[in-house]
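Chains as they are written, first to last, in my numbering: chain E, 1 to 266; chain Y, 1001 to 1572.
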Amino acid sequence: MSEPDPAAPSEPLGPERTVRLLGAASVGGAPVAYVVVLGAVVAVLSFIPFSVALSAGGSFPMAQGVYPLMGWLLGPAGGAVASAMGSLVGLFLAPHTAGIPWLTVGGAATGALFAGCIVARGRRALALGAVLLVAGETWLFSHHATVANGVRPGIFLLAYLAHFAAMVLFLLPTRRWIGRLIESPDLGRVWLGLFLGTWCATSLMMFSESFVSYWLLNWPSPLFVMFIGIIPLEEAARSGIGAVIGTGVIAGLRSIALPKPPGARY
Amino acid sequence: MPEAPAARLESVSFSYPLGERPALLNVTLEIGAGEVVGLVGATGAGKTTLCLAFNGIVPQLYGGRFFGRAEAGGLDTVDHPIHELARHVGIVLQDPESQLVTASVENEVAFALENLGVPPAEIRRRVDEALASVELDGLARKHPHELSGGQQQRLALATALAQRPRLIVLDEPTAQLDPRASADVFRLVRAISRERGTAFVVASHAAEELARTAGRLAVLSRGRLVAMGTPEEVYRDTALLSRERIRPPGVTAAFVAFRAAGLTRLPPPVLLEEGLGALAGLPPGRPYAVPLAARGRDAPPVLAARHVSFTYPDGTRALDDVDVSIGRGEYVALLGPNGSGKSTLLRLFLHLLNPSAGRIEVEGRDVAARRVTDLARTIGYVSQNPDRQIFNPTVESEVAFSLLPLRLGPAERASRVERALSALGLLGLRGAHPLALSKGDRARVVIAAVLVMEPAILVFDEPTIGQDEAGARSILDVTRGLHREGRTVVVVTHHLHLMPDYAERVLIMGRGRVLSDTSLRVAYHSTELLRANHLEPPPAALLARALHPENWALTPAELVASLEPAAPAPSP
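In structure tokens:
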């Protein structure tokens, strides 16, 4: 029998190798297995109606709080696919939580894409694209509501104040600051980063969805008054969901040292 | 020309991204064609990491730092994608459910072949062949989740076999199986290796089965390969086993004790039949110990099933007129094969199920009138897989979570958490994430989370699965401590060899009935009953019976005593 060598070295003897994942199916660098698993999480959370969202004419699913999380866990592309895939499955399993189906799926993808821009460094082009998109939507939405349909500008501003606040956070260096919070080793700071980041990403997502919905449905003006109270509450709920679930997931992922996709930021 | 090795590792070292020390350090190992190599070592020695290194999952999927060179089927595992390596190396994990993904047995076997682009006719042929090899032909249309644990493990093996790899890696393949199903898996490994020339690497704590199956054993310790030899060489090296906390086969342990007592000079055998044959060279045996009924029968019952039957909605009759009671302060081992009704009985006590007939009582009250949340304060339940009970980010918060419904004051809450952490030796890990701990420590976290509620009754479902000898005993030591505090302890287990130092009373279940309710000593010597119910009697009991029909010894030390003519017979 071969016996232990008492003088065995305590350092590796062989040459160090370059480690990389070869030839595995991935979306934006995120292994397909990760995308599928997190898509399944989104689908499951789509079962849970969380509040009455008047803008969409139904209840919103709990999954809306984790679309941005997909962007931080998988990167913008992988996160968008996971969110869209999960919400698409959710449409069939829990249609009561979906308003306009194609808009729900598209919104899920953009939620993760917006979150993918809220990072400590890089992704300038993606962020610029997001800014241009939201700026265009803001102009068209406000013009359609106030000029074409006669909604008072002050009411429109107050109704979407929570979303405009998120746009400001997104435009200023706070976007980078929130990204740094999410990458912090301190879970308290991670929680705060996820809360603010989810606020930003889901606000931009909901503003985009509202713009398209309004273009299609033209809600009556009095509804905007009701939004003044409802939208901040809903955004707070989404942000709370994202922060609570996200902090637990990130703490777990960090602890078990599961390899991160290249686009992940946590 | 000699056949190329199935796999070769040369000075392989690997560190996980957050690892404080290398998980593997300078491992050099060659797996020959058709060879069966056992990987043994304490929990955390690096067995699973080494298993994953054979097909490139380590390092490709985990990242981290990798040194040296690993080859499988002649392909470098760092430079070739995992799907390419999968043609040469199949892997079967500890929990077969985690790798079963399709809706029928035949689709499961076909899935990997479809991904490899094998032509349909060839897939059909290989599916039939693989299912026949693992004796699952006839179950091809079943859903994998309708199979028993042993059948699922064999199905996972069939999926690997169908790809016709040169090497199949089995990581703790029988940890969740009863002894009969476990023996079946090892029998298949021997047959496939012999008939097809497939090489196997088997990481396992099942010493008896490895001794019978492996040609060589590799001993790992803190990531290093510290010894390599035949099962005889490794299991006879008592210093090595003691240092590396490795359990030898029961028969080897008995003969090591005989040698130490000067009763024989024979090298310790590693197979039971060899041990039984070698008994002729020992002094004659004599009657030893008198079996007694278990204590505690007169204590007031705290758990009782009164003529209980239970049938699942699909028509499976899990319990059939079970009438049993467990007294306050008893320590009871609940034995039986997979599917014998053990878990169903536990779920009925916890009021997670309602009996189809009969009545379940906890502390004298019908559970039908009690809520599950109330019962949780009386009965602490530690499930088979601790990971299913863990969801908080730190050990301390995990333990404290159980107290939320009790609405205790902050001081009482903190005090209870402190006591539970201290009792389980977790004070130093209170800030750690539970999922970052070893399986043994995770099991302790779950026990602490149950203990913090200070339940009078504790139920452990297979608490020693996947643990090495030291880890299993440390968990059972905790159960013994709780028992000594006056709590009632029920342990479901297949690991009979561990229980003599702990349990007093044994219930043997089979086909939904209680087949035996007696003291541990009598139960362990009921060899026919145990075997009829897929349980392997402890080798010490078999050796004792072969020495003398009235020899009720249960441990190597008792066997030695039973051979010494001058020794006084201790009370059991």
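We put the CB at the ideal spot given by N, CA and C, even for glycine.
CB contact below 7 Å: residue i versus chain E
{"i": "Y/Asn1115", "result": "no"}
{"i": "Y/Phe1111", "result": "no"}
{"i": "Y/Val1078", "result": "yes"}
{"i": "Y/Tyr1331", "result": "no"}
{"i": "Y/Gln1094", "result": "no"}
{"i": "Y/Ser1562", "result": "no"}
{"i": "Y/Leu1404", "result": "no"}
{"i": "Y/Tyr1016", "result": "yes"}
{"i": "Y/Ala1557", "result": "no"}
{"i": "Y/Ser1011", "result": "yes"}
{"i": "Y/Phe1255", "result": "no"}
Beta-carbon spacing of residue i, residue j below 7 Å
{"i": "Y/Ser1340", "j": "Y/Ser1309", "result": "no"}
{"i": "Y/His1497", "j": "Y/Pro1537", "result": "no"}
{"i": "Y/Leu1024", "j": "Y/Thr1049", "result": "yes"}
{"i": "Y/Leu1170", "j": "Y/Val1219", "result": "no"}
{"i": "Y/Glu1035", "j": "Y/Ala1199", "result": "yes"}
{"i": "Y/Gln1152", "j": "Y/Pro1231", "result": "no"}
{"i": "Y/Leu1421", "j": "Y/Arg1430", "result": "yes"}
{"i": "Y/Ala1072", "j": "Y/Ala1130", "result": "no"}
{"i": "Y/His1495", "j": "Y/Arg1180", "result": "no"}
{"i": "Y/Val1452", "j": "Y/Arg1416", "result": "yes"}
{"i": "Y/Ser1383", "j": "Y/Asp1461", "result": "yes"}
{"i": "Y/Gly1440", "j": "Y/Gly1471", "result": "yes"}
{"i": "Y/Gln1099", "j": "Y/Glu1172", "result": "no"}
{"i": "E/Val19", "j": "Y/Phe1111", "result": "no"}
For residue j and residue i, the rounded distance between their alpha carbons
{"i": "Y/Glu1398", "j": "Y/Ala1257", "result": "43 Å"}
{"i": "Y/Leu1352", "j": "Y/Ser1015", "result": "43 Å"}
{"i": "Y/Val1245", "j": "Y/Thr1464", "result": "In the sequence on display, residue 1245 of chain Y carries Arg and not Val. In a straight line, the C-alpha of Y/Arg1245 is about 15 Å away from that of Y/Thr1464."}
{"i": "Y/His1080", "j": "E/Gly14", "result": "19 Å"}
{"i": "Y/Ala1158", "j": "Y/Leu1167", "result": "13 Å"}
{"i": "Y/Gly1044", "j": "E/Gly252", "result": "20 Å"}
{"i": "Y/Ser1571", "j": "Y/Pro1300", "result": "Low confidence applies here, because Y/Ser1571 scores a pLDDT of 47, under 50, leaving its location unreliable; read the following figure in that light. Between Y/Ser1571 and Y/Pro1300, the C-alpha separation is close to 26 Å."}
{"i": "E/Val168", "j": "E/Ile118", "result": "13 Å"}
{"i": "E/Arg121", "j": "Y/Thr1077", "result": "34 Å"}
{"i": "Y/Gly1038", "j": "Y/Leu1188", "result": "15 Å"}
{"i": "E/Gly240", "j": "Y/Ser1402", "result": "23 Å"}
{"i": "Y/Tyr1206", "j": "Y/Leu1052", "result": "Residue identity differs from the one stated: residue 1206 of chain Y is Ala in this sequence, not Tyr. Approximately 20 Å, taken between the alpha carbons."}
Best match in the options for proximity to residue i [C-alpha to C-alpha]
{"i": "Y/Arg1083", "options": "Y/Gly1064, Y/Ala1541, Y/Pro1165 and Y/Ser1133", "result": "Residue identity differs from the one stated: residue 1083 of chain Y is His in this sequence, not Arg. Of the listed residues, the one whose Cα sits closest to Y/His1083 is Y/Pro1165."}
{"i": "E/Ser83", "options": "E/Ala94, E/Val105 and E/Phe224", "result": "E/Val105"}
{"i": "E/Gly150", "options": "E/Phe224, E/Ile245 and E/Val19", "result": "E/Phe224"}
{"i": "Y/Ala1254", "options": "Y/Arg1245, Y/Leu1272 and Y/Ser1519", "result": "Y/Leu1272"}
{"i": "Y/Arg961", "options": "Y/Asp1323, Y/Gly1068 and Y/Gly1336", "result": "Chain Y is shown from 1001 up to 1572; residue 961 of chain Y falls before or after that span and cannot be answered."}
{"i": "E/Arg139", "options": "E/Ala40, E/Pro101 and E/Pro153", "result": "Residue identity check: residue 139 of chain E is Trp in the sequence provided, not Arg. Nearest C-alpha to E/Trp139: E/Pro153."}
{"i": "Y/Gly1074", "options": "Y/Pro1059, Y/Leu1100, Y/Val1101 and Y/Gly1032", "result": "Y/Gly1032"}
{"i": "Y/Ala1557", "options": "Y/Val1251, Y/Ala1132, Y/Leu1350 and Y/Val1027", "result": "Y/Val1251"}
{"i": "Y/Asp1314", "options": "Y/Ser1519, Y/Glu1146 and Y/Pro1120", "result": "Y/Glu1146"}
{"i": "Y/Ser1325", "options": "Y/Arg1370, Y/Ala1070, Y/Val1514 and Y/Ser1182", "result": "Y/Val1514"}
{"i": "E/Trp219", "options": "E/Arg180, E/Thr146, E/Gly248 and E/Leu187", "result": "E/Thr146"}
{"i": "Y/Val1143", "options": "Y/Glu1108, Y/Ala1553 and Y/Ala1191", "result": "According to the sequence provided, residue 1143 of chain Y is His. The question's Val does not apply to it. Closest option to Y/His1143, Cα to Cα, is Y/Glu1108."}
Residue i at chain C interface by Cβ criterion, 7 Å
{"i": "Y/Ser1098", "result": "No chain C is present in this structure, whose protein chains are E and Y."}
Chain Y within 7 Å of residue i, Cβ atoms only
{"i": "E/Arg265", "result": "no"}
{"i": "E/Ile178", "result": "no"}
{"i": "E/Ile245", "result": "no"}
{"i": "E/Met205", "result": "no"}
{"i": "E/Gly252", "result": "yes"}
{"i": "E/Pro259", "result": "yes"}
{"i": "E/Val35", "result": "no"}
{"i": "E/Val19", "result": "yes"}
{"i": "E/Ser255", "result": "yes"}
{"i": "E/Leu181", "result": "no"}
{"i": "E/Glu234", "result": "no"}
Buried or exposed by the 16-neighbour rule on C-beta atoms within 10 Å, applied to residue i
{"i": "Y/Phe1391", "result": "exposed"}
{"i": "Y/Tyr1312", "result": "exposed"}
{"i": "Y/Leu1216", "result": "The question names Leu, but residue 1216 of chain Y in the sequence shown is Arg. Classification for Y/Arg1216: buried."}
{"i": "E/Trp102", "result": "exposed"}
{"i": "E/Trp215", "result": "exposed"}
{"i": "Y/Ser1635", "result": "Outside the shown range of chain Y, which is 1001 to 1572, sits residue 1635 of chain Y, and nothing can be said about it."}
{"i": "E/Met226", "result": "exposed"}
Check: residue i C-beta below 6 Å from any heavy atom of the ligand ADP
{"i": "Y/Arg1190", "result": "This structure lacks the ligand ADP; in fact it carries no ligand of any kind."}
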